[in-house]
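Let me begin by presenting the structure, written as structure tokens, before commenting on it.
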Amino acid sequence: MTKADLSDLYRGYITCLNRQDWPDLGRFVDEDVRYNGRRIGLSGYREMLERDFRDIPDLRFDIRLLMSDPPYVASRLAFDCSPKGSFLGLEVNGKRVSFGENVFYEFRDGKIVEVWSIIDKAAVEAQL
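Here the sequence shown is numbered in the working numbering, starting from 2 and rising by one per residue.
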């Protein structure tokens, strides 16, 4: 897979997330996906995303930086949203916050097999 192909595939994945098109998620994510070193599988990954959208009704993934070096993708995602209740252990309670996420993905056979994610919690803390 070329860098451009992998970037296009990743953009399709982000579109899938923003549409909350959960039946199509398996087109992008492997059945045995690992998240931050832990195997959660496709069903666990989907549950995590569904929970995120329940807890953050206005959640939208915005790609700010995208680097592709097959089989890896590195992305800086930006968020401007209003989490309900607690978020990252912080009482946000519907307040609009902006923050970033640095995330790395490993792809195999056109699907995400590994995700490493770090969310900028300090940015959220500074806004509360």
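Using N, Cα and C, we set each Cβ at its ideal position, and we do this for glycine too.
All of these numbers come straight from a predicted model, not from anything done at the bench.
### Task
Reducing DSSP to helix, strand and coil, say where GLY101 ends up.
Here GLY101 carries a strand assignment [DSSP, helix/strand/coil].
### Message
For SER69 and GLY90, what's the separation of their Cα atoms in angstroms?
### Response
Their backbone Cα atoms lie some 32 Å apart in a straight line.
### Message
Rounding to the nearest angstrom, what Cα-Cα distance links PRO58 and PHE105 in this structure?
### Response
Going by C-alpha positions, PRO58 is about 24 Å away from PHE105.
### Query
For the beta strand (DSSP E) that contains SER118, what are its first and last residues?
From DSSP, the beta strand (DSSP E) with SER118 extends over 112-120.
#### Entry: Terminal residues of the alpha helix (DSSP H) in which ASP31 lies
No alpha helix (DSSP H) holds ASP31; the beta strand (DSSP E) holding it covers 30-36.
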